[in-house]
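Okay, structure first, notes after.
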Amino acid sequence: MKLFPYAHATHPQWQMACALVLAQLRAQMALHGYASSPTLALLYVTDHYAGDAQDILEHLGAELPLVTDWSGTVGVGIASNNVEYFDEPALAVMLLELPSDQYRVFSGVAPLGLGFEAHTALVHADPATADLGELIAEMAERTGSGYLFGGLSSSRTRSLQFAVAGDGNIQGHGSASGVFSGGLSGVAFRADVGLVSRVTQGCKPVSKVRTVTEADHNVVVTLDGEPALDVMLADLAISLEQPQQALEVVRATLVGLVQPQAEQAPGVGAVAAVRQTGDFGSEVTVRHIIGLDPGRRGIAVADHVEEGAQLAFCQRNVHAARADLVRICAEIREELEPQEQALETAHAVQASEIDAAPHPARRIAGAVYVSCTGRGGPHFGGPSAELQTVRRALGDVPLVGFFAAGEIAHAHLYGYTGVLTVFTAGP
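All residue numbers for the sequence shown refer to full-length UniProt numbering, where the first residue is 1 and numbers rise by one.
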């Protein structure tokens, strides 16, 4: 698999931004090792361009006639290799060279048909869609792996998605403009398209794992048989006799949950919310504490909680976020880089920061990174700090993405997370 050409630009006029992006893409397509005949494009724009989305899509489509399929969405921020754009007009594009029978663009007017055997899917969704969690779970069930990756559109103006399929056999696409609002859209991939994906929660557990022994909807009443509020106060070393200090600590605390149905997989024992490495796995969903119930000595969280769930209190900070992001990048590199490296691979992996460049020997053709709007540079200590951390830990690879109103991984909807997915040279 050849490297995926990618480009990004910012400019008050979308025409100039498109011109800058096209110049970068064409220059890369002429380089050795990069795809020269792409078929699929991923397009992400900031909400400054939301009103011009149709014109942007039509212009890029006309300038890149080889690309028959488009997918993407809008975000209050977008990402590319080593850079993020927040609160400014910008767009990012990546061109994928994949066999046309190995993927399928889907949308509300062109749903994923029964004739395509999807193994996984990149999903963009409108956050205003009703029953979104159920739709995501249903979509995951329609894939062979049960794994989705992507996120919810984020916009201060119009929420939109891009979905254009060059397959004229899909009924409904003939009259579609390619720019949609509402529902789900994205790209489904067959098993032959190699993908490796990881989720970073960016949280540091500050308590041991507890078991929910009594719950009422979103209120955790008891943990390990003890009143949940008393357990939380003890774990966080705070007292209601000092309410101001206690309130500040509780506001900075979240809970990591593993619902009981997620604990058991075929041939695998119970899942621990906190791994031996001290981090959360992707089966954990992190939720806010939204209130206290003094009458029942319970705590209310922003999710439905079932008895038998595992719960750990956690906190977010820049050090935990950076360490967890580095961890998932290292896991991806470890999975892709063989223990006995060929000379070409070793040189590509160990290249200095000055000499580093995307290289096919690293087996990463391109990457998609979806992060939360509450993360980004400010959460990591400075402008573009999050994407700079990805580049240092993963290496210099083609990458595009956006900052979402909710992140999608597996069959779940997350918050305050990052989902990093790389396309590999082989299944």
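Positions of the beta carbon are idealized from the N, C-alpha and C atoms, including for glycine.
Are Val255 and Val221 touching if we call contact CB-CB under 9 Å? No, the Cβ-Cβ distance between Val255 and Val221 is not below 9 Å.
Which residues bound the alpha helix (DSSP H) around Gln388? Here the alpha helix (DSSP H) through Gln388 covers Ala385 to Leu394.
What is the DSSP secondary structure of Arg322, reduced to helix, strand or coil? The DSSP-derived three-state label of Arg322 is helix.
Just to confirm, are Val67 and Leu98 a CB contact at a threshold of 9 Å? Val67 places its beta carbon 9 Å or farther from that of Leu98.
When you compare only the Cα positions, how much space is there between Ala367 and Glu306? Whole-angstrom Cα-Cα distance: 36 Å.
Shortest alpha-carbon distance to Leu148 belongs to which of Ala165, Phe162 and Ala121? The residue with the shortest Cα to Cα distance from Leu148 is Ala121.
Check whether Leu257 and Leu184 have beta carbons under 9 Å apart: Against a cut-off of 9 Å, the Cβ pair of Leu184 and Leu257 comes out as no contact.
Does the segment 118–138 come close enough to the segment 150–159 that 3 or more CB-CB pairs lie under 8 Å? A contact exists between the segment 150–159 and the segment 118–138.
Around the Cβ of Ala237, are there at least 16 other Cβ atoms within 10 angstroms (buried) or fewer (exposed)? Classification of Ala237: exposed, given that the 10 Å Cβ count is below 16.
Cβ-Cβ separation, Ser154 to Val76 (assumed contact under 8 Å), whole Å: Sure, about 5 Å apart at Cβ, within 8 Å.
Just to confirm, is the Cβ distance from Ala118 to Phe189 under 9 Å? A contact, by the Cβ cut-off of 9 Å.
If you measure between the beta carbons of Val196 and Thr421, is that distance less than 9 Å? Yes. Within cutoff.
Taking its Cβ as the centre, do 16 or more other Cβ atoms sit within 10 Å of Ile56, making it buried, or is it exposed? The residue in question, Ile56, is buried, as its Cβ has 16 or more Cβ neighbours within 10 Å.
Taking the alpha-carbon positions, what's the Phe280 to Gly115 distance? If you take the alpha carbons of Phe280 and Gly115, they lie about 37 Å apart.
For the candidate residues Thr73, Val164, Gly108 and Val199, whose alpha-carbon lies nearest to that of Ala411? Of the candidates Thr73, Val164, Gly108 and Val199, the one whose C-alpha sits nearest the C-alpha of Ala411 is Val199.
C-alpha gap between Phe86 and His379, whole angstroms: Cα to Cα, the separation comes out at about 13 Å.
What would DSSP say about Arg375, mapped onto helix, strand or coil? It is coil, neither helix nor strand.
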